[in-house]
Amino acid sequence: MTGTTRRDVLKAAVATGGAVGLSACLDIAGESDVPQGPDDPSTLPERQYAWGEHVRRDDAGNEQLPGHQVLLYLTLERDGVPTEGDREQVATAFDSLSRAYAWESEGLLWSAAYSPSYFDRYEEPLHDAVECPPPHALSPFEQPEFDDQDVLVHLASDNPDVVLRAEQALLGAEDGANGVTFEASLDGVASLADESVDRRTGFVGAGMPAERQADLEGIPEDGPVPDASPLFMGFKAGFAGNQATEDYVAIEEGPFAEGTTKHVSNIRQRLADWYDEQNFEERVMEMFSPKHAEEGWVEGVGTNLGDASRVDETLDDIEAQAREHGRIGHAQKAARANRDEAGNVRLLRRHFESADDGVASLHFPSLQQRMSEFDAVRAAMNGTDLTGVTPAVRQRVNNGILEYIFVVRRGNWVVPPRSKLALPRPR
Amino acid sequence: MRRRDLLAGAGGLAAAGLAGCAGLVTTEPAGAPPVLDDRPDAVYFPTHVEGMRMAGMGRAGSYRFALTYSYPHRFWNVNGREATLTEIASEDDVHLMTTVWDEETGQILPETGLSLEIQRDGELVSQEVIYPMLSQPMGFHYGANFGLDGDGSYEVTAAVGGVSTRRSGGFVGRFGDPASATISFDFSAAERDEIPFENTPDRAGERAAVEPMAMEGMPSGQARPADDLPGVVGEATSGDARFVVGVRDTPPEGIDGDGRYLYASVRTPYNAMVIPAMAMTASTGDFEGELTRTLDPELGYHYGAAVDTIGNVVGIEPTLPPQTARHEGYETAFMSFDPIEVTV
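In structure tokens:
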């Protein structure tokens, strides 16, 4: 093990996964001492995405998402409509998982969501209080693959061994986790059909991207990602003031009330030109807005902004900024569509970074009441209108961060309320 | 990435060795003469001329793609009013160029997003949005320098974004969708080094341009000859670009507005390559406003507006230089413009 530090092993463990990843993790760090969950899982929040009160917050009150995350895209073994037996098995497995770990970021925050193609298994359509069409291309230049697996299980914890153990037990590779014997697993009902694309992992938090940047495809070799940055692009994101509340994204009525919709894209990052061709000011212009750079609002990774990015102050004269600076900011473009008439933010974004397959990427889950809200924000982020304002802003150049990000996959999901967690019917 | 650097380093040494004994015909990057000290603010003959080679062609829907390559070379990026030199990086192995056109009409797709993804044996080697560029022999294309993982077979996927430039006439409703084509590229440094490369000290800096290079099966980037355009009222030169100004009796289909249609077709001197992605305003009669970038089957890529009346004089004021990167010999031209006037 000469030359391999404890840190090296830990940082790759979640991506490696399985028994190998887990044992590497346990050998180095030992088992995390984490409280178990409640005996009665129905005492947990009805909203599966009720994470906000159970994660760490920074000094400014921004959510600090769990550091280690796994996305399991599961396919049902059976064609057609799931049986009552399938449903009971899944419910038992999920109950076991709920009992195994406390609902907090040191323990396990997780959710299960279902795709439009899952609901297509049923004769009756998805209840019309849920707006979640199949995924589609959301920019004039992307041609992503579409995720149409049945179930998306999202596991998140500050402890890497917790997400790995939870995954092992849930998929039936281990009998239990954290001292709780699983009375059932998903084995036989749902599985990873193609592990190379259906199991995705990631991380988020100050220092974690910098620790993982070496030898990662997409990141320049000189390691430009600042140690303080929670994301590869070198800035903080997800300021509390620029996020929807969990209340706002909740579906309001019907059988999926208190559920939500979840869009998840996987976005490859190519940051050579981001870091090599541009200076800090230019990066601030393209990430936030030209005004942010002009006024010097952003220091370092942007922690100084506190709990809001000030992007709302840059929207009224966005065209003038485009003309004057020949560039436009990612955050300001998107924000134009990310407010309702009363000024409420519409999307709750909970993205995290990935080094899967040795390539820098971003897993981008976004929660919203209606999927069309996500589509509208993405359309605004495309900035197509601004390419008409000045030829300096092009389809993908000088147009926010579009030059550096490549959407590889998109999927749309319904996150049911916890009471309908296991293979829900469409109505 | 480390492996690639080692290889690039070794290649660089070999090239330097060759340059010593091969005289005029040599290989990049060692052979590229320095940028001239006193370049005219105009099109000039570059310090050296390179050939290019076809890597392969592809097709997607109604689009054709051509992937060509040459030695890595320096170019100038244009953002706003500034042209900034991008030097060859040590890891660069090739300059890759892509042209995308509509098979039916031969119309080259300008000023949209174009990216290349390079894979080898299923592993990602690179992926970049590449820049719209102007070169003397080729005119408008998309290009960038890339580092590869040595000799071998690569799969290059070129992805073009749907065009957002205004379209008129038979182009209304066309070119709006993205498309991509994967082209196999067998790269060998030795083959690359057979691409003609000539230092041109005798002509460098002259007010002239390298001849257009025809590539079989690829449309040229040239603008339509003024004689073939409808209603031409005059021509003028500014910033070393030629503006062919014309008036159509009615706006082409797809363009709002009654009255007549004022347009400018802008091209390079000598080679008449289309100059896209500028901004300009015009004034004539009661009209004062922007000429909008537009793609039209009859007029080609042009800048136009519906106008109620045409006065005795058409004034055009370029407000932003063409936002395309430049190969050597174009980087000082088309950067600052005096207003022009054409008498009707």
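Protein chains in written order, with my numbering: chain U, 1037 to 1463; chain G, 163 to 506. Just so you know, even glycine gets a beta-carbon here, dropped at the ideal spot from N, CA and C.
Under the 8 angstroms criterion on CB atoms, Asn241 of chain G is classed as interfacial with respect to chain U. The beta carbon of Asp254 of chain G is closer than 6 angstroms to those of Pro234, Asn307 and Gly309 in its chain, skipping five residues each way along the sequence. Remark: C-beta atoms of Arg1157 of chain U and Gly1116 of chain U approach each other more closely than 8 angstroms.
Per DSSP, Asp1122 of chain U lies in no beta strand (DSSP E) segment; the continuous alpha helix (DSSP H) that holds it begins and ends at Glu1120 to Ala1136. Against chain G, the beta carbon of Pro1176 of chain U has neighbours under 9 angstroms at Thr274, Gly275, Gly323, Gly324, Val325, Ser326, Gly338, Asp339 and Pro340, listed in chain order. Bridge pairing for Lys1298 of chain U: U:Leu1403 and U:Trp1449 [DSSP].
Glu266 of chain G sits exposed, since fewer than 16 C-beta atoms from the chains shown fall within 10 Å of its C-beta.
Gly1290 of chain U is not a Cβ neighbour of Val1450 of chain U, given a cutoff of 8 angstroms.
For Val291 of chain G, at least one C-beta of chain U is nearer than 8 angstroms to its own C-beta. With respect to chain U, the C-beta atom of Leu271 of chain G has no partner C-beta closer than 8 angstroms.
In the assembly as shown, Leu247 of chain G is an exposed residue. Its beta-carbon has fewer than 16 other beta-carbons within 10 Å. Between Trp1146 of chain U and the set U:Thr1217, U:Gly1103, U:Trp1310 and U:Lys1369, the nearest pair of CA atoms involves U:Gly1103.
The continuous alpha helix (DSSP H) containing Arg1043 of chain U extends over residues Arg1042 to Thr1052.
In the displayed model, Ile1437 of chain U falls within coil according to three-state DSSP, outside both helix and strand. Residues are counted here when their Cβ sits less than 7 angstroms from a Cβ of chain U; for the region 481-505 of chain G these are Leu482 and Gln485, given in chain order. Taking a cut-off of 8 angstroms on C-beta distances, the region 1230-1237 of chain U does not touch the region 1247-1254 of chain U, as fewer than three cross pairs fall below it. Runs of the alpha helix (DSSP H) lying entirely within the region 428-505 of chain G and spanning at least 4 residues: none are present.
For Pro272 of chain G against Tyr463 of chain G, the beta-carbon gap comes to about 6 angstroms, under 8 angstroms, which counts as contact.
Excluding sequence positions up to five before and after Val407 of chain G, its CB lies within less than 6 angstroms of the CB of Val395, Gly396, Ala426, Val476 and Val504, all in the same chain and listed in chain order. Contacts between Arg455 of chain G and chain U, judged by CB atoms closer than 8 angstroms, involve Pro1427 in chain order. Restricting attention to U:Gly1066, U:Lys1272, U:Gly1053 and U:Ala1226, the CA atom closest to the CA of Asp1094 of chain U is found in U:Lys1272. Looking from the CA of Val1425 of chain U, the closest CA among U:Arg1363, U:Glu1349, U:Gln1185 and U:Ala1086 belongs to U:Arg1363.
Ala376 of chain G counts as exposed, since fewer than 16 other beta carbons sit within 10 angstroms of its beta carbon. Three or more Cβ pairs drawn from the region 467-482 of chain G and the region 440-447 of chain G lie within less than 8 angstroms of each other, which places the two stretches in contact. DSSP places Gly1208 of chain U in the coil class of the three-state scheme, outside both helix and strand. Under a criterion of Cβ atoms nearer than 8 angstroms, no residue of chain G is adjacent to Asn1315 of chain U; the nearest Cβ is some 12 angstroms distant. Neighbours of Ala441 of chain G in chain U, taken as residues whose beta carbon is under 7 angstroms from its own, are Thr1426 and Pro1427 in chain order. Distances from the alpha-carbon of Asp1258 of chain U to those of U:Ser1221, U:Thr1111, U:Asp1183 and U:Tyr1311 put U:Tyr1311 closest.
Under the three-state reduction of DSSP, Thr362 of chain G is assigned to coil, being neither helix nor strand. Below 8 angstroms, enough C-beta pairs join the region 1199-1217 of chain U and the region 1131-1151 of chain U to call them touching: three or more. Nearest in C-alpha terms to Asn1434 of chain U, of all of U:Arg1406, U:His1387, U:Arg1454 and U:Gly1365, is U:Gly1365. In the three-state scheme derived from DSSP, where H, G and I count as helix and E and B as strand, Phe1292 of chain U is classed as coil. For Leu286 of chain G, the closest Cβ of chain U is nearer than 8 angstroms. Across the set G:Ala487, G:Asn433 and G:Gly491, the C-alpha of G:Ala487 shows the shortest separation from the C-alpha of Tyr293 of chain G. The three-state reading of DSSP puts Arg1463 of chain U in coil, since its state is none of H, G, I, E or B.
Per the coordinates, the alpha-carbon of Asp1164 of chain U lies some 27 angstroms from the alpha-carbon of Leu1107 of chain U.
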